Structures are given as C-alpha cells and as structure tokens.
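**Student:** By numbering that gives the first Met the number 0, the letter at position 57 of the sequence shown is numbered 56, and the numbering carries on one by one without gaps.
There's a structure below that I have some questions on.
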Amino acid sequence: MATLPSLESLREQLRQSPFIPELATELGVSLEEYIEQVARFALHPQQEPQLAVVLNEELLAQGHAPPREEEMARYLERAVLVASAEPSTNFPPTERAPVSPTGETRDAQEPDLQREELQAYLELQRLKARITLD
C-alpha cells in the first residue's frame, strides 16, 4: 500500500499545478486556503466535506447556473449507487447484513457482475488518485 505524501510535499505539488489557481478563483477563495482544503481532504479521505446550501439567486450572482432538478436526481442516484457499492461499517464482513437505501435489511444476493465492475472501476480511480498524490 502506498504511503501518503508529506503535507509540505502535497502543498508543493498543488502549488505547481496550473489548474489550482483557477479553481481557487472559481470558488472565490484564496490560493492558500484552497490548497489547505485540498491537502486536508487528500490526507484524511475519511472526512466528509461540509454541505453548503446556497439559494439559486446567490448562485446566479456568483456566475454559476443552478442545477436542474433532473441533474440533481441523476447525481443523487449515482451517489446512492456508489455508496451501496462499498458500504462503510465497523462490523467484519462475516457480520454485515446487506441493507437497502431505506435502511431495511434484506437477504444476501448473488454477486452482480455490474456491481463488481463498478467496484473495480472505483478502486482503479482510487489508485489513480493515490498515484497522482505520490
């Protein structure tokens, strides 16, 4: 398993990226503030970013188009699919009961080829992200 880069190494890599200043500007934060946020989540992937609720008028004033209901529905469907592909629990695999998105337990199902492909794809993306951080 690859070790995480040092905080200073990660900050330096982010400073050298041509995209980071543009992203910071787009988000309306200073370059250093953006680098600190990215570094924190890169070094602590288990942390969840905070959710900010912004009114459509505020988004428009900032130059962003508010998402349409259909776009949000697709996004949430994908998020649920990803979350269900790799559930997080402190129980060992032998004690985990499969659950539905509503939280109800259900009988274990036969392995699903699409789900296995999705898990393999997600693992590949995680590995690519780790490689770019090293």
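Even glycine gets a Cβ: it sits at the ideal position worked out from N, Cα and C.
None of the values given here were measured: they were computed from a predicted structure.
Just confirm the distance between the C-beta atoms of alanine 41 and tyrosine 33, as a whole number of angstroms; I'd bet it's less than 8 angstroms.
**Tutor:** Alanine 41 to tyrosine 33, Cβ: 12 angstroms. No contact.
**Student:** Going by other Cβ atoms of all chains shown within 10 Å of its Cβ, with 16 needed for buried, is alanine 38 buried or exposed?
**Tutor:** Flag for alanine 38 reads buried.
**Student:** Identify which residue in Gln36, Ile130, Leu54 has its Cα closest to the Cα of proline 48.
**Tutor:** Out of Gln36, Ile130, Leu54, Gln36 has the C-alpha closest to the C-alpha of proline 48.
**Student:** Could you check whether valine 81 and leucine 121 sit closer than 9 angstroms to each other, using their CB atoms as the reference points?
**Tutor:** Yes, the pair counts as a contact, with Cβ atoms nearer than the cut-off.
**Student:** Can you tell me whether leucine 13 is buried or exposed, with buried defined as 16 or more other CB within 10 angstroms of its CB?
**Tutor:** The residue in question, leucine 13, is buried, as its Cβ has 16 or more Cβ neighbours within 10 Å.
**Student:** Can you grab the Cα-Cα spacing for the pair leucine 126 / valine 53, in whole Å?
**Tutor:** Those two C-alpha atoms are separated by around 33 angstroms.
**Student:** By how many angstroms is the C-alpha of arginine 73 removed from the C-alpha of proline 20?
**Tutor:** Approximately 30 angstroms, taken between the alpha carbons.
**Student:** Kindly indicate which three-state DSSP category arginine 67 falls into: helix, strand or coil?
**Tutor:** The answer is coil: DSSP assigns arginine 67 none of H, G, I, E or B.
**Student:** For the alpha helix (DSSP H) containing leucine 59, list its first residue and its last residue.
**Tutor:** Per DSSP, leucine 59 belongs to the alpha helix (DSSP H) from 55-60.
**Student:** At 4 residues or longer, and completely inside the segment 30-56: list those alpha helix (DSSP H) runs for me, N to C.
**Tutor:** Fully enclosed alpha helix (DSSP H) runs of 4 or longer: 30-42.
**Student:** Given a cut-off of 9 angstroms, decide if leucine 123 and alanine 84 are closer than it, judged by their beta-carbon atoms.
**Tutor:** No, Cβ-Cβ distance for alanine 84 and leucine 123 is not below 9 angstroms.
**Student:** Is it buried or exposed for leucine 9, if we count other Cβ within 10 angstroms and need 16 for buried?
**Tutor:** With 16 or more other Cβ atoms within 10 Å, it is buried.
**Student:** Out of curiosity, what's the CA-to-CA distance linking glutamine 46 and arginine 77?
**Tutor:** Between glutamine 46 and arginine 77, the C-alpha separation is close to 20 angstroms.
**Student:** What's the gap between the Cα of methionine 0 and the Cα of arginine 129?
**Tutor:** With a pLDDT of only 49 at methionine 0, under the threshold of 50, the placement of this residue in the model should not be trusted; the figure read from the coordinates follows. Approximately 10 angstroms, taken between the alpha carbons.
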